[in-house]
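Residue numbers are given in numbering that gives the first Met the number 0: position 187 of the sequence shown equals residue 186, and the series is strictly consecutive. Data first, discussion second: the structure below is written as structure tokens.
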Amino acid sequence: MIDKIHIAVTGASGRMGQLIIQQILEFPYATLTGAKVSCTSPFEGEGLRKLFPNASEELLFTSNASDAFKKAQVIIDFTSPEALQTHLEIAQQKGIGLVIGTTGLTKEQFQVLEKASVNIPILYAANFSLGINLLQEMVKEASKRLGADFDIEILEMHHRHKQDAPSGTGLSLAKAAAEGRDLNLQEKAIYDRTRVRQARRENDIGFAILRGGSVMGDHSVIFASDEEIVEFSHRALTREIFAKGALKAALWLANQRPGYYKFADILT
């Protein structure tokens, strides 16, 4: 008999949190042991059955992270950079693995995650879609093979409520393109051409960022030369792909040693 992996979810009453919980409840080899919400959530203290009829009768939404995590082997975190800091501290104290889909992290916050990964297994991904993660590998290889004769542009569109720009996924695709040419993305990224009044320089990586409607995530990487254009695109049709990917990551991470992992590690 296969032991079930015990998973806690943060941001449990949010859009992504609810999708992830539903995936866990429907998966035979995982069990939900905690559902963390913010102290301002209207679901604080309520039973999970209020949203999930197939949830355990004993499970409650709680704003107490220690209570939510006490039985977990892995935490799935789709919250905010501020909330993640608290969750990371508790995960280290309890020796719990951490799957992170929270975006908008600073360079310093990534350094904190890497330092913490000495003690616990941590998997960070800007996007948990299988397609996006394969696309990153393709973009890296294309950037390398096409070379500097092909200009690089990143085009992305998300729903009107998304706050961070560029998105974590847009940045990850740009990073893949930069790595393909051994470039430093910080030096080559152009986020706002209204401030840079000059012609495009060789190996600049430009961003065009759109926000509107209920778009879940459209991303394109464009390689343009004087003779031809090569374009890689991905469109998310349902948010369930991210929830399924996060669960896949949690199941995998539960059996890993402390370290800093990427979604691509699951695919190898």
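All C-beta atoms in this analysis are idealised placements derived from N, C-alpha and C, irrespective of residue type, glycine included.
Between Asp76 and Gly167, the gap from beta carbon to beta carbon reaches 9 Å or more. The continuous stretches of beta strand (DSSP E) do not include Thr85, which lies in the alpha helix (DSSP H) extending over residues Pro80 to Lys93. The C-alpha of Thr39 is placed about 11 Å away from the C-alpha of Thr61.
Under the three-state reduction of DSSP, Glu186 is assigned to helix. DSSP places Met215 in no beta strand (DSSP E); its state is neither H nor E.
Per DSSP, the beta-bridge partners of Thr9 are Lys35. With a 10 Å radius around the Cβ and a threshold of 16 neighbouring Cβ atoms, Lys143 comes out exposed.
The region 49 to 60 makes contact with the region 17 to 33, as at least three CB pairs between them are under 8 Å.
For the pair Leu134 and Phe231, the CB atoms are nearer than the 9 Å cut-off. Sequence-distant Cβ neighbours of Ala175 in its own chain, meaning closer than 6 Å and more than five residues away, are Gln135, Val138 and Lys139. Looking at the backbone, the Cα of Thr267 and that of Leu246 are separated by about 17 Å. For Ile131, the enclosing alpha helix (DSSP H) has its first and last residue at Leu129 to Leu145. In this chain, the beta strand (DSSP E) harbouring Gly96 covers Gly96 to Ile99.
Annotation: Lys106 to Tyr123 spans about 13 Å, alpha carbon to alpha carbon. Less than 9 Å divides the Cβ of Ala248 from the Cβ of Phe127. When rounded, the separation of the alpha-carbon atoms in Leu83 and Ala235 is 25 Å. The residue from Asn63, Leu209 and Gly33 with its alpha-carbon nearest to that of Ser55 is Gly33. Where Ile23 is concerned, the enclosing alpha helix (DSSP H) starts and stops at Arg14 to Glu25. In this structure, Ile153 sits away from Phe109, with a CB-CB distance that is not shorter than 9 Å.
About 15 Å separates the beta carbons of Ile89 and Ser116, which is beyond the 8 Å limit, so they are not a contact pair.
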